[in-house]
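With the sequence shown counted from 1, adding 172 to any position gets you our numbering.
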Amino acid sequence: MSDILKQLADALEARKHAAPDGSYVAGLYAKGLDAILKKIGEEAAETLIAAKSGDRRQIVHETADLWFHTLVMLAQQGLGPDDVLKELERRFGRSGLEEKAARNK
173 MSDILKQLAD
183 ALEARKHAAP
193 DGSYVAGLYA
203 KGLDAILKKI
213 GEEAAETLIA
223 AKSGDRRQIV
233 HETADLWFHT
243 LVMLAQQGLG
253 PDDVLKELER
263 RFGRSGLEEK
273 AARNK
């Protein structure tokens, strides 16, 4: 896993024990899963709009926001970037059509 993903995962875990009024992420955790999911939805929409605009800088900015909030959701669920990376590794080199067919069995 990249160093920044590891650092983020560690920081997100630490925020689980922080005061909600002293940390944005701790505040999200305190609001619960629905608030985190709403934020992911907002960031996904902003990412789509940025992609449609073609502004590369904005695409990267919004994608970083989307990834960040997705990492918050993973941590809230007791998961981390390693779990997703392992799944991507498992799928790597396999046809997308094969992967989809295997899920439908």
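Where a beta carbon is used, it is the ideal one built from N, C-alpha and C, also for glycine.
All values derive from a computational prediction rather than experimental measurement.
I'd like to know if the stretch 212–229 and the stretch 188–199 are in contact, where contact means that at least 3 CB-CB pairs between them fall below 8 Å. No, the stretch 212–229 is not in contact with the stretch 188–199.
Alpha carbon to alpha carbon, what distance is there between ASP227 and LYS258? Start at 1 with the first residue of the sequence shown, and residue 258 comes out as number 86. Start at 1 with the first residue of the sequence shown, and residue 227 comes out as number 55. If you take the alpha carbons of LYS258 and ASP227, they lie about 31 Å apart.
Going by alpha carbons, who is nearest to LEU238 out of ALA217, LEU205, ASP255? In the sequence shown, the residue the question calls residue 238 occupies position 66. With distances taken between Cα atoms, LEU238 lies closest to ALA217.
Separation of GLU270 from LEU251, as counted between CA atoms: As a first step, residue 251 must be located in the sequence shown, where it is residue number 79. As a first step, residue 270 must be located in the sequence shown, where it is residue number 98. Using only the alpha carbons, I get a separation of about 26 Å.
CB contact flag (VAL197, VAL244, <8 Å): Here residue 197 refers to the residue found at position 25 when the sequence shown is read from its first residue. Here residue 244 refers to the residue found at position 72 when the sequence shown is read from its first residue. In this structure, VAL244 lies closer than 8 Å to VAL197 by Cβ.
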